[in-house]
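Undergrad: Once you know that position 59 of the sequence shown is 59 in the UniProt record's numbering, the rest is easy, because the numbers rise by one and skip nothing.
For glycine and all other residues, C-beta sits at the position ideal for the given N, C-alpha and C.
None of the values given here were measured: they were computed from a predicted structure.
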Amino acid sequence: MPLEKRYALLGVVLIAPAVLTLSAVIIYPLVSALYLSLFSIYTPTLQGSWVGLDNYAAVIGSRTFWSSLLVTLIWTCGTLILQVVLGVAMALLLNQNILFRSLARSLVLFPYFVSTVVAVLVWRWLFNDLYGILSHILISIGIIHMPVDWLGRMPNAMESVIVVGAWKFFPFVVIAVLARLQTIPEQLYEAATIDGAGVFGRFFDVTLPQLREVLAIVILLRTIWDFKEFDLIYLLTGGGPLNNTRTLPLIVYQQAFGLNQMGVAATYAVLMMLVMLVFMLFYLYRVRRQAA
Numbered sequence: 001m002p003l004e005k006r007y008a009l010l011g012v013v014l015i016a017p018a019v020l021t022l023s024a025v026i027i028y029p030l031v032s033a034l035y036l037s038l039f040s041i042y043t044p045t046l047q048g049s050w051v052g053l054d055n056y057a058a059v060i061g062s063r064t065f066w067s068s069l070l071v072t073l074i075w076t077c078g079t080l081i082l083q084v085v086l087g088v089a090m091a092l093l094l095n096q097n098i099l100f101r102s103l104a105r106s107l108v109l110f111p112y113f114v115s116t117v118v119a120v121l122v123w124r125w126l127f128n129d130l131y132g133i134l135s136h137i138l139i140s141i142g143i144i145h146m147p148v149d150w151l152g153r154m155p156n157a158m159e160s161v162i163v164v165g166a167w168k169f170f171p172f173v174v175i176a177v178l179a180r181l182q183t184i185p186e187q188l189y190e191a192a193t194i195d196g197a198g199v200f201g202r203f204f205d206v207t208l209p210q211l212r213e214v215l216a217i218v219i220l221l222r223t224i225w226d227f228k229e230f231d232l233i234y235l236l237t238g239g240g241p242l243n244n245t246r247t248l249p250l251i252v253y254q255q256a257f258g259l260n261q262m263g264v265a266a267t268y269a270v271l272m273m274l275v276m277l278v279f280m281l282f283y284l285y286r287v288r289r290q291a292a
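(1) Report yes if the CB atom of Y268 is closer than 7 angstroms to the CB atom of V252, and no otherwise.
(2) From which residue to which residue does the alpha helix (DSSP H) around G78 run?
(3) On the criterion of 16 or more Cβ atoms from any shown chain inside 10 Å, does T183 qualify as buried, or is it exposed?
(4) From the DSSP secondary-structure annotation, give me the bridge partner or partners of G48.
(5) For the putative contact between K228 and M276, defined by C-beta atoms under 8 angstroms, what is the C-beta separation to the nearest angstrom?
(6) Report the residue ranges of all alpha helix (DSSP H) runs contained in full by the segment 237-279; include only those spanning at least 4 residues, in chain order.
(7) Counting Cβ pairs, one atom from each stretch, are 3 or more of them under 8 angstroms apart for the segment 149-163 and the segment 233-244?
(8) For the alpha helix (DSSP H) containing K168, list its first residue and its last residue.
(9) V118 lies in the alpha helix (DSSP H); which residues open and close that run?
(10) When the distance is taken between beta carbons, is G258 closer than 7 angstroms to S40?
(11) Using a threshold of 7 angstroms, state whether the C-beta atoms of F230 and P209 are closer than that.
(12) Using 10 angstroms around the beta-carbon of residue 300, count the other beta-carbons present and answer buried if the total reaches 16, otherwise exposed.
(13) Just to confirm before moving on: does the CB-CB distance between Y283 and L220 stay below 7 angstroms?
(14) Report buried or exposed for W75, applying the criterion of at least 16 other Cβ atoms within 10 angstroms of its Cβ.
(15) Among F200, V173, I224, which has the Cα closest to the Cα of E213?
(16) Would DSSP call D231 helix, strand or coil?
(17) Between which two residues does the alpha helix (DSSP H) carrying D54 extend?
(18) Ends of the alpha helix (DSSP H) at L188?
(19) So, with DSSP's three-state summary, where would you put V19?
(20) Straight-line CA distance for H145 to L151?
(21) Hey, is R153's beta-carbon within less than 7 angstroms of any beta-carbon in chain D?
(22) Output the distance between the C-alpha atoms of S106 and L178, rounded to the nearest integer angstrom.
(23) Does DSSP put A98 in a helix, in a strand, or in coil?
(24) Suppose you measure from the CA of I217 to the CA of T45; what does that come to, to the nearest Å?
(25) Taking DSSP as the reference, what is the three-state secondary structure of W150?
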């Protein structure tokens, strides 16, 4: 066998595990979801009948889909804004020569690595309207006069979920921004200082332009990940009160395992994928443009 064919065969052998893994965890579930969305399927038996595009017509024409899409967008935008603001502020602080900087850089990663279940249990205790420490502190300093139902009524529930989501995921922004801050040449700041720029001037004229590319990638990635977030919202509110925090991932779960309508659940999942595909295409465009 010629040497070129041997190298080609070796390449196929080496890449085969990656292709098989990709097919098992991405391609097969994707094709299965598309297939199931064309049927009316009862979840416990996975038996059903062909309905074609009727599921898509019913879902797109329902108020449930659009209201949950709006809730998902509110959750995504709200937590994303807080993540970016807190992440950039914390990264700027940790980039300074402060006391115990190494320890602080380690501790700031704690929310991102702690289990979601553990984090939710702690926050539910903080938010409890009877013995939660948050209401107790606010009453003690005179801001409120009676306990607040943080998770049981609107808009408190949505605001609380957004705050917890921002706290849980903002360390990712800190890591990315801090890494970029450490590569900005000091000469740029020295030149800005000589030109008379103050703290805010150096931030807007030097730091922010240098962070533009990394922030664009971080925002796109966090948008995709927050859009499909399930466990944090499910454990905090379960989609309540009155479905006011029910996002699209929660509807997929409820349709599949609550109402046993696997076909409708697959339809919601496919529509979610199409929405996220827009973000993915924009992300790939940004990556390719940055590499060019």
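TA: The relevant details are as follows:
(1) The answer is yes: Cβ separation under 7 angstroms.
(2) 63-94
(3) exposed
(4) I41
(5) 7 angstroms
(6) 248-253
(7) As far as the Cβ criterion goes, the segment 149-163 touches the segment 233-244, which means the pair count is three or higher.
(8) 156-181
(9) 116-127
(10) no
(11) no
(12) The question about residue 300 has no answer here: the residues shown for the chain are numbered 1 through 292.
(13) yes
(14) buried
(15) It is V173.
(16) helix
(17) For D54, the enclosing alpha helix (DSSP H) has its first and last residue at 54-60.
(18) 186-194
(19) helix
(20) 18 angstroms
(21) Although the question refers to chain D, the structure presented lacks it and comprises just one protein chain.
(22) Going from the Cα of S106 to the Cα of L178 covers about 13 angstroms.
(23) Note that residue 98 is Ile in the sequence shown here, rather than Ala. If DSSP states are grouped into helix, strand and coil, I98 belongs with coil.
(24) 43 angstroms
(25) coil
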